[in-house]
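Student:
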Amino acid sequence: MAGAEKRKAGGLDVAYVAHLARLHLTDDEVALFQEQMEGIVHYVEQIGALDVEDVAPLSHTVSVSNVWREDEPSPSIDHSKVMANAPEEHDGLISVPKIVD
Amino acid sequence: MDISGLTIRQASDMLSSGACSAFALTTALLQRIADVDASIRAYASVDTAFALEQARAADDARAKGKSSPLLGVPIGVKDLLNVEGQPCTCSSKILKGYTAPYDATVIARLRDAGAVFVGRTNMDEFAMGSSTENSAYQVTRNPVDVDRVPGGSSGGSAAALAAGEAVATLGTDTGGSIRQPAAFCGCVGMKPTYGRVSRYGLTAFASSLDQIGPMTHTVEDAAILLQVMAGQDVMDSTSLSAAVPDYTQALQGDLRGMRLGLPKEYFVDGLDDEVRASILQAVETCRDLGAEIVDVSLPHTEYSIAVYYIIATAEASANLARFDGVRYGQRVTSGRDPVEMYGATREAGFGAEVKRRIILGTYVLSSGYYDAYYLRAQKVRRLILNDFEKAFASCDALLTPTTPTPAFRMGENTGDPLKMYLSDVFTATANLAGICALSVPSYETAAGLPVGLQILGPALGEEQILRVGHAFEQRRKVEA
Amino acid sequence: MAYETTIGLEVHVQLKTRTKMFCGCATGYGEAPNSLVCPVCLGYPGAMPVMNREAIRLTVVSGLMLGCEIARWSKFDRKSYFYPDMPKNYQISQYDKPLCLGGGVSIDLEDGSEKTIGLTRIHLEEDVGKNTHFGSSSGVDFNRAGHPLMEIVTEPDIASPHEAYAFLQTLKQILLYAGVSDCNLEEGNMRCDVNVSMRPVGSPELGTKAELKNLNTFKGVFHALEYEQQRQSALLARGECVVQETRRWDPERGETSSMRTKEDAHDYRYFPEPDLLPVVLDASQISVWGEDLPEAPRARRSRFAQEYDIPAYDAGVLSADRDVADFFEKAVSAGGSAKAVSNWIMTDVLRVLSETGRRVSDLPLTADALGGLTKLVEDGAVNMTGAKKIFSVLVEEGGTPSKVLDDLGLAQVSDTEALERMVDEAIAANPKSVADYRSGKAAAAQFLMGQVMRLSRGKANPPIVLEMLKQKLDQ
């Protein structure tokens, strides 16, 4: 497939991708996944063999548009249920470790 | 009361005739679960008090004149459908402690019809797997042979039926997760047309592929359950507006006048000999029932697993991003800032298979790779859909094996993710094309292992595939 | 070497809808935290978005007001990044098929000329929650999460902080005219990200840009840009390079500083939102939504100057606010001369509005009443002093001018017999002023005039009195 060589050279970097996905992995996991993923990526690259130049991508098998609702309010859920699910709270806010930009 | 093997139809008849109460039926079912589930582990959790409370309410409603085919009928629910006030773990540690504040639309519909939710069935974590070995909590065994897997990801829903500890269950199917375990456990499983059943309240794995469907002892039960589940929902923009036909009306007669196609790409190397023999025998039965059998071709089938794993994991990588320990579920706060909290929470909360798929899905969407993987996969997806449209132009339904092999042994595929993925080869195409599909038990192997006959129908062709499945099922029962 | 500044803006505007973009939760400001939330806007497992039609309509209306091309086929995409205030850790936004393309905003430059700032696009997305920071933790309120947010992206056409400021003011005026947003900056209805770079004058290529965040006021944008312009030109003058980075504006310290950015900051992994179907707008739908489009403020300003023959400045003031402009036109059509009505609004009405903080639509004074009052003055039924009294009553209590005129007994006396008696009385009582006048002090007539007005309790018709006085004194 076009550009396949280039991608392989750049390739799948499990550590980078795991960071994008906010997944901590141990070094052993990175090594294991790197090996497994390369096999899987190699397998899925077979779609590169097809000529799909003139094929429109398919996002939905449902061919409908403009599915919308009117601007009418519906009930929110009870604050207590929201807080019961929240791991930590602070004065009605959902608490998280300090956000630093 | 022996409830093992009890169908919805039988239960409904018993309840409406007054032969037993919903309370008695539910009590008997709970007893059966208590007796057998320790060795099967089909249920992730059972809320006895909640089940009995609903059963009592069903009895009260009947006393006041309410009637419905599902009134008082106990149903097992896959542990990724939200039921208000109940846990919804998706068999993942990351949702430990989460209580659903709302009902999924299918749950609300079944609740209105008077169904009794007895318990939550085990599954592969976030529906990612084909064996139910990926549950963070327990491994479910195949009741037919406890050394074998029940299939997945709706393995708990299938095993509960096969072990006689459910009348009917709900599963979800993204690439075969209803049909494959139904085939492995010898029950009926249906993936409706994409959009036929609302996905609202189904914890999403791959949004453009997921569907909720019935898992039952009989095709008739599948029709009864689907009847209540199907229909447009304002909460799911992708749900279809088409009117819901009377599915039980479709279960009539033989197959005269029907044209059934055999796609040659589903009868290739790698198909187990006994499975092949079983399906070809089923095809002959269908011919005998009056169907015309024709050969068809779905030439892009060989790309389906590649396309499926790109699209499904890409969507999953976004769908599972919300599990971050902020608003619900398990939080691991080793970190000083949210970034560290995310990493630690998701490291501890997700199992290996989920992590693999998040990584693959993130990769195929990442900068510089989107066109080569995701966009290209969407284009090939259209080719796969075109194949089906062409085939259905000349056939009412297609007959294929549901799986290439009967249930495999526990641990057999766990070390090789790609090999596990390839076991979805006959089922993932229906999800990619958005069409409907049904798996019904075919002739067993010599060792007595179930084999699934897959009946594929066009979009909104549920009536056709139910008719084929029902006719085949009835003939096979007579033969047996 | 001389450098020029290139600025591009991304303006986020909260749309005025009753409910959120993808769920039925009410939009509201200042409610108890985490009270306007549901499974959808909290990103709970299994929840799904459904588009709010009104948000799409308001975006299309904005696009039409700003001269954009409205996309016939548009879609939503997922934009992935992790942040505690973002419930799903992806934002539903629009990537390559936004609702509106192109368009522009004409602004007035300081030298009086006009310049058009081009728009790249307008797309629709969902807002995030709001963070509050404490000692070692932060707290998130998700009430704002899911509020419809329109992002207006400009071309890099803006050449100075002044132009950026003028652009934002003009844009705000247009959006308020269109009624698509409250544009309340305190409530965060309009927020701005800025890209700024410098390049040698005449260079075809853009310089390395800095992205400025945390700009919640137009003044803030102006000052941050002035600071950044100086910082970057100083760097370039020293032969150093500008680093491409995101910088935070600190309004207290009056400077920008580099934000900790990650190498993956822009790897958003966009892909089409599978839970939403495309938006397809045909010409008839677009024209239905465009039917009630108001005249743009600029067009109205020119028309006011021409049609009503008032100074350009006055036309600008009167057309600045759509309600005031409507009020003006309605008052004129109720009978007042445009100049007189304009004077009333420019001096009295706007003063009352700024003193009370009210909107013109909230005043008990109606446009019809102001028009009627103006007409009374022009017909000589009341003099200006009386009219001001009537205005005060109308502004506080409402009512019709003629009724107030009667109630206050302010009807102007034009009856010559009655006036003549008063003029005679004033002349008789002030011989010194009479003498002064006759000896050439014209100002003495004004004093005598005042005496007559006093005798009439302000009701005398001044031109008639003056005429009479002159006649009698000149005899």
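Residue numbers (our numbering), protein chains in the order written: chain A, 191 to 291; chain B, 2 to 481; chain C, 2 to 476.
Even for Gly, the Cβ is constructed at its ideal location relative to N, Cα and C.
By a C-beta neighbour count over all protein chains shown, 10 Å radius and 16 as the cutoff for buried, is S440(C) buried or exposed?
Tutor: Classification of S440(C): exposed, given that the 10 Å Cβ count is below 16.
Student: Any contact between the region 314–326 of chain B and the region 74–88 of chain C? By contact I mean 3 or more CB pairs, one from each, below 8 Å.
Tutor: The region 314–326 of chain B makes contact with the region 74–88 of chain C: 3 or more CB pairs, one atom from each, lie closer than 8 Å.
Student: Going by the CB atoms, is the gap between L237(C) and G208(C) shorter than 9 Å?
Tutor: The Cβ atoms of G208(C) and L237(C) lie closer than 9 Å to each other.
Student: In three-state terms, what does DSSP make of A211(A)?
Tutor: In this structure, A211(A) counts as coil in the three-state DSSP scheme.
Student: Whose C-beta lies closer than 7 Å to the C-beta of A164(B) among residues of the same chain, with five residues either side of it excluded?
Tutor: So the qualifying residues of the chain are V37, I41, A43 and P144.
Student: Please name the residue in G410(C), E32(C) and E229(C) whose C-alpha comes closest to that of E5(C).
Tutor: Distance check between E5(C) and each of G410(C), E32(C) and E229(C) places E229(C) closest, using alpha-carbon atoms only.
Student: Can you tell me whether DSSP reads S131(B) as helix, strand or coil?
Tutor: coil
Student: Is there a C-beta anywhere in chain A that falls below 9 Å from the one on Y201(B)?
Tutor: No - not a single Cβ of chain A is within 9 Å of the one on Y201(B).
Student: Quick one: any contact between the region 46–57 of chain B and the region 112–128 of chain B, if contact means 3 or more CB pairs under 8 Å?
Tutor: These segments touch.
Student: Confirm, please, whether the CB-CB distance from A48(C) to Y195(B) is below 9 Å.
Tutor: no
Student: How many angstroms separate the CA atom of S320(C) from the CA atom of G68(C)?
Tutor: 19 Å
Student: Using the beta-carbon count (16 or more within 10 Å), is S275(A) buried or exposed?
Tutor: According to the sequence as given, residue 275(A) is Asn; it is not Ser. It counts as buried.
Student: Taking only beta-carbon atoms, is M22(C) less than 9 Å away from chain B?
Tutor: Not one chain B Cβ lies under 9 Å of M22(C).
Student: Could you compute how far the alpha carbon of P432(C) sits from the alpha carbon of N384(C)?
Tutor: 27 Å
Student: In whole angstroms, give me the CA-to-CA distance for N190(C) and L177(C).
Tutor: 11 Å
Student: If contact means a Cβ-Cβ distance below 8 Å, which residues of the region 176–197 of chain B contact chain A?
Tutor: Y195 and G196
Student: Between the region 70–78 of chain C and the region 274–283 of chain C, do at least 3 Cβ pairs fall closer than 8 Å?
Tutor: yes
Student: In three-state terms, what does DSSP make of T173(B)?
Tutor: Correct three-state label for T173(B): strand.
Student: Compute the distance between the beta-carbons of K331(C) and G358(C), then report whether it is under 9 Å.
Tutor: no
Student: In chain order, what residues of the same chain lie with their CB nearer than 6 Å to the CB of A223(B), ignoring the 5 residues before and after it?
Tutor: Closer than 6 Å at the Cβ level, and outside the excluded window around A223(B), lie V189, M191, P215 and T217.
Student: I'd like to know whether the C-beta of L215(A) is nearer than 9 Å to at least one C-beta of chain C.
Tutor: no
Student: First and last residue of the alpha helix (DSSP H) that includes P463(C)?
Tutor: P463 to D475
Student: Could you say which of S305(B), R149(B) and T141(B) lies nearest to R410(B) if we only look at CA atoms?
Tutor: R149(B)
Student: Given that H269(A) touches chain B, what residues does it touch there, using C-beta distances under 8 Å?
Tutor: The premise fails here: H269(A) is roughly 11 Å from chain B at the closest Cβ pair, so nothing lies under 8 Å.
Student: Are there 16 or more other CB atoms within 10 angstroms of the CB of A292(B), so buried, or fewer, so exposed?
Tutor: buried
Student: Name, in chain order, the residues that DSSP records as bridge partners for C437(B).
Tutor: G458(B)
Student: At a CB distance below 8 Å, what residues from the region 236–252 of chain A approach chain C? Give them in sequence order.
Tutor: S249, H250 and V252
Student: With a threshold of 6 Å on Cβ separation, who are the neighbours of V272(A) within its own chain once the five nearest residues in sequence on each side are excluded?
Tutor: none
Student: To the nearest angstrom, how far is it from the Cα of A429(B) to the Cα of A56(C)?
Tutor: Cα-Cα distance, rounded: 37 Å.
Student: Would you mind giving the Cβ-Cβ distance between T117(C) and T155(C), rounded to the nearest angstrom? I have them listed as a contact below 8 Å.
Tutor: So it is not a contact: roughly 11 Å between Cβ atoms.
Student: Name, going along the chain, the residues of the region 135–149 of chain B whose beta-carbon falls closer than 9 Å to a beta-carbon of chain C.
Tutor: Those residues of the region 135–149 of chain B that come within reach of chain C (Cβ to Cβ, closer than 9 Å) do not exist; the list is empty.
Student: Please report how far the alpha carbon of L100(C) lies from the alpha carbon of V61(C), in whole angstroms.
Tutor: 7 Å
Student: So, helix, strand or coil for D146(B), using DSSP?
Tutor: strand
Student: Quick one, which of P405(B), V276(B) and G176(B) has its alpha-carbon nearest A447(B)'s?
Tutor: V276(B)
Student: For G153(B) and A394(B), what's the separation of their Cα atoms in angstroms?
Tutor: Between the alpha carbons of G153(B) and A394(B) lies a distance of about 32 Å.
Student: Suppose contacts are defined by Cβ-Cβ distances below 9 Å. Is D388(B) in contact with P459(B) by that definition?
Tutor: no
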